[in-house]
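Okay, so here's the structure we're looking at.
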Amino acid sequence: MTVAAAPLSPVMVGAPAPAGPRRAECALPDTSGSTLRLGDMLLSAGLLTDSELEAALEYQRRKGKRLGEALLELGLVSEEQLLPYLHRQLGMPAVRLRDGLVDPAVVRLIPRQAAERLSALAMFKVRGTLTVAMADPQDLLLTDELEDLTGLRVRPVFAARSNIHRMLDRCYQDDFAVDTVTADLDESAVELRSDPVDMDVTSLENMADGSPVVNLINYLIMQAVRGGASDIHIEPGAKHSTVRFRVDGQLREVLRPRRDIHPALISRIKVMGRMDIAEQRYPQDGRCRVAVENREVDLRISTTPTVLGEKSVLRILDRKNLTFNLDELGFPRELLSDVKRLLAKPYGLFLVCGPTGSGKTTTLYSALELIKSEYRNIVTVEDPVEYRVELVNQIQVNEAKGLDFPAVLRSILRQDPDVIMVGEIRDSETAQVAVQAALTGHLVLSTLHTNDSAGAIVRLVDMGIEPYKLAASVVGVCAQRLVRRVCRKCQTIYYPPAELLATLHCARSDAKVFVRGEGCSDCHDTGFQGRIGTYEVLVLDEAMRKLVAAGADTEALRAQFRASGGRTLLEEGIRLAEQHTTSLDEVMRVAYFD
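Oh and the sequence shown: position 220 is 221 in this note's numbering, straight run, nothing missing.
Laid out in structure tokens, this is it:
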């Protein structure tokens, strides 16, 4: 099993600044004999002002950084703006090392002790030429030593010294090469657990014990659980398969298995999920339970045909990585009080809104954990039931057997419920039954796919619910998003550009400092680690109910929400950025919309 090297990509890190006058601090000679000064080039291009360059040079002197690094850390220029000038200055390619850029088959051509001493990392080999990332690529003595060491012609490229040493720890680990993992992985690391409903363990005994395919799937599951991934994507390609993990809401590539074993990987996954191996023309769904290092994890498995073969997605349901405690989800104190007051009401409809993957289900489960009691009859209807909760009666939707959301809801109303949780309001019939239940003395919790809290009211009107019924039944709406936390290990301060501040309607202040992550081995070079919720809670007070009953549009509802002191998702995101929990760019990505 080999990992294909990704194409070379540039990083913008300037050359170290020797002592001397200001202009000499960022100078390197070019091949023509003239002197290229990074600061002068950026000034001439209008990318920097004199005061900004002076600030960067002062920061450079204090921190002992390269000028390019100082400019990026302060947010004075972007990587895209800096790239052509660094390429011109250095006269050679520059890279930012990360998984996928380094071929594990060649990395050990340079022994680790030599790599650490020389600050060099072998990236990939083409015929007799070895491309090596070096902190000092213009040092001909180092290049000669590497050529003597490897017996190959060395092509040096530039990489930051800190970046090289972070990757050395990663690249010289035993699990970096896939061949080693799939051959030597302990099969007991991932164990299929019997489940009378979800699995038939005896069918697994027919699989070839110790096969590389079984080991590779075990390895993927183990690494995904260890890394806190929520999904594993296994996708076919023309030349190779691609395996990606979704971590903190973002996909990142981890492996490129050979194309010829892709059908075997999909077949193994189908066996685990009790799916039809022979059926390759239609989508299939399955489920299984595994024990990863004595830790039980549920997997929801889905396959679908593509033009290049079947793709599979494994959703990882790991209770250990979740908290069903409202106090720990990231609600500000005043919003948390509002939500708890809404959940304390004896009847009404409480909605949680947001796109797929925004944490709506976690918020609902946390609400159930808060209000569940031996004195209450709580019933849920879900598709699917993701986590099992004590003292709660959970019902799985099965449309093939006529158990859709409206049918199950009607049956629940005959079961003397106190609280009803509907996994999602998808159609007008489900909406009608949910509103009717809220009007007849039940507390109903549900989710809806809308951009913000005001949009949920209008969406229900579009589904055919009369405005006066909504005014009488809805008690509150919580809209939410998940933003990634800045990695604390590689966190650095920066000053965002004025254009970004203006776009986010964030007051400009030269003294206002924000943070972002540079990328390190702990966060897989993303700059982020973990996520936190940002919330917008709309409580239907008397003024809001009058607007809803009158059929007001989204803009009128938003205006009233703001007038009553409500804070939008964007404002809450900016608050998190000002507290140095996340970055402004992440807030822009997640919470900004017109």
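We put the beta carbon where it would ideally sit given N, CA and C, even for glycine.
Practice task
Determine, using beta-carbon pairs with one atom in the region 456-468 and one in the region 549-557, whether at least three such pairs fall under 8 Å.
Solution key: yes
Exercise for the section: Thinking V514 and V487 are a contact (beta carbons under 8 Å), I'd like their distance in whole angstroms, please. Expected result: By one-based count along the sequence shown, residue 514 stands at place 513. By one-based count along the sequence shown, residue 487 stands at place 486. That belief does not hold up - the Cβ atoms of V514 and V487 are roughly 13 Å apart, past 8 Å.
Practice task
Look at the alpha carbon of T151 and the alpha carbon of I111, and state the distance between them as a whole number of angstroms.
Solution key: Working through the sequence shown from its first residue, we reach residue 151 at position 150. Working through the sequence shown from its first residue, we reach residue 111 at position 110. Rounded to the nearest angstrom, the two C-alpha atoms are 7 Å apart.
Handout entry: Cβ-based neighbour list, Q561, same chain, cut-off 7 Å, excluding 5 preceding and 5 following
Key = As a working note, residue 561 is residue 560 in the sequence shown. A544, M545, L548, listed in sequence order.
Practice task
Drop a sphere of 10 angstroms on the beta-carbon of V127, count the other beta-carbons inside from all chains shown, and report buried for 16 or more, exposed for fewer.
Solution key: Numbered from 1 along the sequence shown, position 126 holds the residue referred to as residue 127. Under this definition V127 is an exposed residue.
Exercise for the section: Go ahead and label L585 buried or exposed: buried means 16 or more other beta carbons lie within 10 angstroms of its beta carbon, across all protein chains shown. Expected result: For the purposes of this step, residue 585 is taken as the residue at position 584 of the sequence shown. Result: buried.
Problem - Contact under 8 Å by Cβ, V390 with V423 - result: Sequence index remark: in the sequence shown, residue 390 carries index 389 (1-based). Sequence index remark: in the sequence shown, residue 423 carries index 422 (1-based). Their beta carbons are not under 8 Å apart, which means V390 does not touch V423 by this criterion.
Practice task
Have a look at the DSSP bridge pairing and note the partners of R301.
Solution key: Within the sequence shown, numbered from 1, the residue matching residue 301 stands at position 300. R301 is bridged to R288, R316.
Exercise for the section: Any chance you could list the alpha helix (DSSP H) runs of at least 4 consecutive residues sitting entirely within the region 361-414, in chain order? Expected result: 361-372, 406-414
Practice task
Would you mind reading off the limits of the beta strand (DSSP E) that contains T603?
Solution key: The shown model of the chain, from 2 to 595, leaves out residue 603, and the question about it has no answer.
Problem - Per DSSP, cross-strand counterpart(s) of L350 - result: Numbered from its first residue, the sequence shown carries residue 350 at position 349. DSSP, once it has assigned bridges, lists V445, V475 as partnering L350.
Practice task
Compare the Cα-Cα distances from P105 to each of G65, L142, L256 and report the closest residue.
Solution key: What you label residue 105 is simply residue 104 of the sequence shown in a count that begins at 1. When only C-alpha atoms are compared, the closest one is L256.
Practice task
Please state if the CB of L350 and the CB of V434 are separated by a distance shorter than 8 Å.
Solution key: In the sequence shown, residue 434 corresponds to position 433, counting from 1. In the sequence shown, residue 350 corresponds to position 349, counting from 1. Cβ atoms of V434 and L350: not closer than 8 Å.
Handout entry: T307 burial status per 10 Å Cβ neighbour count (16 or more: buried)
Key = In the sequence shown, counting from the first residue as 1, residue 307 sits at position 306. Counting Cβ neighbours within 10 Å, T307 comes out exposed, since fewer than 16 surround it.
Practice task
Determine the extent of the alpha helix (DSSP H) in which A438 is found, giving its start and end residues.
Solution key: If you number the sequence shown from 1, residue 438 lands on position 437. Start and end: 429-440.
Problem - Counted within 10 angstroms of its Cβ, other Cβ atoms place S52 as buried (16 or more) or exposed - result: For this step, residue 52 is matched to residue 51 along the sequence shown. It is exposed - the Cβ of S52 has fewer than 16 other Cβ atoms within 10 Å.
Problem - beta strand (DSSP E) segment containing D140, residue limits - result: Start at 1 with the first residue of the sequence shown, and residue 140 comes out as number 139. Segment: none, D140 is in no beta strand (DSSP E) and carries neither H nor E.
Problem - For I421, the residue or residues it bridges with in DSSP - result: Sequence index remark: in the sequence shown, residue 421 carries index 420 (1-based). In DSSP, I421 forms a bridge with V380, V445.
Practice task
Could you tell me how far apart the beta carbons of R485 and L570 are, in whole angstroms, since I believe they sit closer than 8 Å?
Solution key: The sequence position of residue 485 within the sequence shown is 484, counting from 1. The sequence position of residue 570 within the sequence shown is 569, counting from 1. Not really, about 15 Å apart at Cβ, beyond 8 Å.
Exercise for the section: For my contact list, M1 and P157 are in at a C-beta cut-off of 8 Å; report their separation, rounded to the angstrom. Expected result: Residue 1 falls outside the range modelled here, since the chain spans only 2 to 595, and no answer is possible.
Exercise for the section: Could you tell me the boundaries of the alpha helix (DSSP H) in which F562 lies? Expected result: Within the sequence shown, numbered from 1, the residue matching residue 562 stands at position 561. Run containing F562: 555-564, per the alpha helix (DSSP H) assignment.
Handout entry: Alpha-carbon spacing of L318 relative to R563, whole angstroms
Key = Reading the sequence shown from its first residue, position 317 is the one you call residue 318. Reading the sequence shown from its first residue, position 562 is the one you call residue 563. Near 37 Å, if we compare the C-alpha coordinates of R563 and L318.
Problem - Spatial neighbours of V273 in its chain, beta-carbon cut-off 6 Å, leaving aside the 5 residues before and after - result: On the sequence shown, residue 273 is found 272 positions in, with the first residue counted as 1. Before going further, note that residue 273 is Met rather than Val in the sequence given. The answer, listed in chain order, is C289.
Handout entry: Close-in-space but distant-in-sequence residues of the same chain around R167 (CB under 7 Å, 5 per side omitted)
Key = Working through the sequence shown from its first residue, we reach residue 167 at position 166. Within the same chain, R167 has close Cβ partners C521, S522.
Exercise for the section: Given a cut-off of 8 Å, decide if G310 and H234 are closer than it, judged by their beta-carbon atoms. Expected result: As a position in the sequence shown, residue 234 is number 233, starting the count at 1. As a position in the sequence shown, residue 310 is number 309, starting the count at 1. No, Cβ-Cβ distance for H234 and G310 is not below 8 Å.
Practice task
Give me the Cα-Cα distance between S268 and V386, rounded to the nearest whole angstrom.
Solution key: Residue numbering aside, residue 268 sits at position 267 when the sequence shown is read from its first letter. Residue numbering aside, residue 386 sits at position 385 when the sequence shown is read from its first letter. Cα-Cα distance, rounded: 25 Å.
Handout entry: 6 Å Cβ shell around D384 - same chain, five flanking residues per side excluded
Key = Start at 1 with the first residue of the sequence shown, and residue 384 comes out as number 383. For D384, where only same-chain residues beyond five positions count, the Cβ hits under 6 Å are V398, G424.
Handout entry: Nonlocal neighbours in the same chain, by C-beta distance under 6 Å from M276, ignoring five residues either side
Key = For this step, residue 276 is matched to residue 275 along the sequence shown. So the list reads Q285, G287, once near-sequence residues are dropped.
Practice task
Return helix, strand or coil for E311, following the three-state DSSP convention.
Solution key: Translated into the one-based positions of the sequence shown, residue 311 becomes position 310. Strand, per DSSP.
Handout entry: Which of helix, strand or coil DSSP assigns to G528
Key = As a working mapping, residue 528 is identified with position 527 in the sequence shown. Three-state result, G528: coil.
Exercise for the section: Put M545 into one of helix, strand or coil per three-state DSSP. Expected result: Here residue 545 corresponds to residue number 544 of the sequence shown, with the count starting at 1. In this structure, M545 counts as helix in the three-state DSSP scheme.
Handout entry: Cβ neighbours of D542 in the same chain (closer than 8 Å, five flanking residues each side left out)
Key = By 1-based counting over the sequence shown, the position of residue 542 is 541. Here the set comprises S565.
Exercise for the section: Drop a sphere of 10 angstroms on the beta-carbon of G477, count the other beta-carbons inside from all chains shown, and report buried for 16 or more, exposed for fewer. Expected result: Position 476 of the sequence shown holds residue 477. Buried is the call here.
Exercise for the section: State yes or no: is the C-beta of T448 within less than 8 Å of the C-beta of K361? Expected result: Here residue 448 corresponds to residue number 447 of the sequence shown, with the count starting at 1. Here residue 361 corresponds to residue number 360 of the sequence shown, with the count starting at 1. It is a contact, given that the beta carbons lie within the stated cut-off.
Exercise for the section: Throw me the rounded Cβ distance for the T364 and V382 pair, which I believe falls under 8 Å. Expected result: Numbered from 1 along the sequence shown, position 363 holds the residue referred to as residue 364. Numbered from 1 along the sequence shown, position 381 holds the residue referred to as residue 382. Actually they are not in contact, since the Cβ atoms of T364 and V382 sit about 17 Å apart, beyond 8 Å.
Problem - C-alpha gap between E236 and K312, whole angstroms - result: Translated into the one-based positions of the sequence shown, residue 236 becomes position 235. Translated into the one-based positions of the sequence shown, residue 312 becomes position 311. Rounded to whole angstroms, E236 to K312 spans 5 Å at the Cα level.
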